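Residue numbers (the numbering used here): 1064 to 1262.
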């Protein structure tokens, strides 16, 4: 996801990439770690509700907040807006999460969510595709997951799962854009990942 954003949308940041990046639901900090690898000079900020993840979040983020993202003090005056917000969000929160994230990026900034291909098929998501949201959609190939043993949450045997992902990227309009310049949803076939990234 970070590589795709940098390759297809990186011109907006220049050679150094985005200056400030936020993962609002960062879990163990995998997206912050990937963002650090893609943009080593960026300040990486994370937020996670599960306190048991704090050692990982602290390791992968320059600054972080443990607690509810919607209560996080990201509007404090000393914090500059973010250039990029990227996460694999809890899908049940996307409809509420997107407007909050768009408030936290600077005009022209990006909000990127990695979601299952099936997310967005429900009526409550429909409004996220219309103005004032300008969204780009990138498709990722499915990934086979093989698990053995018993799922501790359900007590049932694991099965085989094939999951396809979609990278959704919204851009906050610049102040001079009324209405936003692009409100078209488009599909774009990405070039192959570089060999080192293939699985």
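We treat Cβ as the ideally placed atom computed from N, Cα and C, and that holds for glycine. As the structure is a prediction and not an experimental result, all values here were calculated from the model.
Burial state of residue i (16 or more Cβ within 10 Å)
i            : result
residue 1140 : Its pLDDT being 47, under 50, residue 1140 is placed unreliably by the model, and nothing is read from it.
residue 1127 : buried
residue 1214 : exposed
residue 1130 : exposed
residue 1179 : exposed
Continuous alpha helix (DSSP H) stretch holding residue i: start and end
i            : result
residue 1118 : 1117–1123
residue 1069 : 1065–1072
residue 1160 : 1157–1167
Strand pairing of residue i, partner residues [DSSP]
i            : result
residue 1110 : 1128
residue 1213 : 1220
Host beta strand (DSSP E) of residue i (start-end)
i            : result
residue 1235 : Segment: none, residue 1235 is in no beta strand (DSSP E) and carries neither H nor E.
residue 1143 : Taken as a continuous stretch (DSSP letters only), residue 1143 belongs to no beta strand (DSSP E), as it is neither H nor E.
For residue i, the three-state DSSP class (helix, strand or coil)
i            : result
residue 1088 : coil
residue 1137 : coil
residue 1104 : coil
residue 1078 : coil
residue 1095 : helix
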